[in-house]
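Asks:
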Amino acid sequence: MWGIDFLCVALKRSVSSMLPWDIPWYDPSHAVFFTALYGALTVIGLGVLIAVVMTLKDLKKGDSGHH
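Be aware that the sequence shown starts at 507, since it is given in our numbering, and climbs by one per residue.
Pasting the structure below:
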């Protein structure tokens, strides 16, 4: 059990939350991982936003279904 407790303490000390202001950016591995994570989340969010805007634009046009 000592190994698991040690791992949890090290992990808690390393990253206490996923929020950007709680991340120890001085560690290069954290910077790379969280930059990639937030970059991917940004791309996914923009894709969803574009899909919603295009859907609303098509609904406003009033075209009956393409089926």
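Positions of the beta carbon are idealized from the N, C-alpha and C atoms, including for glycine.
1. Can you give me the C-alpha to C-alpha distance between Tyr-532 and Gly-545, rounded to a whole angstrom?
2. What number of angstroms, rounded off, separates the C-alpha of Asp-564 from the C-alpha of Ser-535?
3. Taking only the alpha-carbon atoms, compute the straight-line gap between Ile-488 and Leu-562 and give it to the nearest angstrom.
4. Between the Cα of Thr-541 and the Cα atoms of Val-554, Gly-553, Leu-552, Leu-525, which residue gives the shortest distance?
5. When the Cα atoms are used, what is the spatial distance from Met-560 to Lys-567?
Replies: According to the structure shown:
1. Tyr-532 and Gly-545 have their alpha carbons spaced roughly 19 angstroms apart.
2. Distance between the alpha carbons of Asp-564 and Ser-535 is about 44 angstroms.
3. Past the boundaries of the shown model lies residue 488; the chain is included only from 507 to 573, so the question cannot be answered.
4. Ranking Val-554, Gly-553, Leu-552, Leu-525 by Cα distance to Thr-541 puts Leu-525 first.
5. Computed Cα separation, rounded: 11 angstroms.
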